[in-house]
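Colleague: With this note's numbering, letter number 38 in the sequence shown gets 38, and the count goes up by one each step, no holes.
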Amino acid sequence: MDVSEAIRSRRSIRRYKAGVKIPKEHFEQILEAAMMAPSGCNMRPWEFAVVEDREILSEIMQIHPYANMLHTASAAIIVCGFPQEESSPAAGLWPQDCGASAAYILLESKGLGYGTCWCGVYPNEDRVEALKNIVDTEGIPFCIIAIGVPNEDPAPRGKYDPKKVKFM
Ligand SMILES: Cc1cc2nc3c(=O)[nH]c(=O)nc-3n(C[C@H](O)[C@H](O)[C@H](O)COP(=O)(O)O)c2cc1C
1 MDVSEAIRSR
11 RSIRRYKAGV
21 KIPKEHFEQI
31 LEAAMMAPSG
41 CNMRPWEFAV
51 VEDREILSEI
61 MQIHPYANML
71 HTASAAIIVC
81 GFPQEESSPA
91 AGLWPQDCGA
101 SAAYILLESK
111 GLGYGTCWCG
121 VYPNEDRVEA
131 LKNIVDTEGI
141 PFCIIAIGVP
151 NEDPAPRGKY
161 DPKKVKFM
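(1) At the level of alpha carbons, what is the spacing between Leu-57 and Lys-166?
(2) Closer than 6 Å by C-beta to Ala-91: which residues in its own chain qualify, once you throw out the five before and the five after it? Chain order, please.
(3) Confirm, please, whether the CB-CB distance from Leu-107 to Ile-22 is below 8 Å.
(4) Taking the CB atoms as reference points, tell me whether Pro-141 and Ile-78 lie closer together than 8 Å.
(5) Alpha carbon to alpha carbon, how far is Ala-75 from Gly-148?
(6) Short check: CB of Ala-155 to CB of Met-69, under 8 Å?
(7) In this structure, what does DSSP give as the bridge partners for Trp-94?
(8) Whose CB is closer than 5 Å to a heavy atom of ligand 1? List the residues in chain order.
(9) Which residue from Arg-44, Asp-153, Asp-53 puts its Cα closest to that of Thr-116?
Following this line, the structure appears as structure tokens:
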């Protein structure tokens, strides 16, 4: 699948084939793509937790009100970020870096035949703190990405809106 097709056919998937195990090589390929995302001053201020443990996935569903798709997902990938010091030229850019890596996760997963759903965490303080404890990270949990083999096939959306574009 080429990049354009992956972008145009990707949809958020909230129903997955339960019980499917994703091979470790696929997680590594997906996270390699995540780490190839552009990053301000090339700081790459990210870390990723792959959660397959059903008990931990249940804990995540208890602290995130819109992540019920984890019931059938094979795993959750938690993207965590590390802010740079105020004096750094990259100060404040970490959420953009994490967002770029999250988008790469979605597209690489799509290319491998997996469905995903991005669930927002940062900047909701309650979700950030609760997830920090669950995944035991020094970083700031930025988003949760549910991943699995799709059990639904939502139609691609055409979204080009010329009103939102200015050519100058
Ligand atoms: C920052 C962000 C936060 C999101 N949070 C959630 C979420 O908590 N739960 C959920 O089911 N979907 C979540 N989504 C998915 C959006 O609902 C979805 O991308 C949007 O409705 C467009 O649909 P599509 O992804 O199928 O094109 C989130 C997406 C983004 C980018």
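For each residue, glycine too, the CB sits at the ideal point set by N, CA and C.
Modeller: So, from the listed chains and residues:
(1) In the sequence shown, residue 57 corresponds to position 57, counting from 1. In the sequence shown, residue 166 corresponds to position 166, counting from 1. Taking the straight line joining both Cα atoms gives about 43 Å.
(2) Here residue 91 is taken as the residue at index 91 of the sequence shown, counted from 1. Contacts found: Gln-84.
(3) Taking the first residue of the sequence shown as 1, we reach residue 22 at position 22. Taking the first residue of the sequence shown as 1, we reach residue 107 at position 107. No, the Cβ-Cβ distance between Ile-22 and Leu-107 is not below 8 Å.
(4) Looking up residue 141 in the sequence shown gives position 141. Looking up residue 78 in the sequence shown gives position 78. Yes, the pair counts as a contact, with Cβ atoms nearer than the cut-off.
(5) What you label residue 75 is simply residue 75 of the sequence shown in a count that begins at 1. What you label residue 148 is simply residue 148 of the sequence shown in a count that begins at 1. Ala-75 and Gly-148: Cα-Cα distance of roughly 7 Å.
(6) Position 155 of the sequence shown holds residue 155. Position 69 of the sequence shown holds residue 69. Contact flag unset, no.
(7) Within the sequence shown, numbered from 1, the residue matching residue 94 stands at position 94. According to DSSP, Trp-94 bridges with nothing at all.
(8) Arg-11, Ser-12, Tyr-66, Trp-118, Cys-119, Gly-120
(9) The residue given as residue 116 occupies position 116 in the sequence shown. Residue Asp-153 is the option with its Cα nearest to Thr-116.
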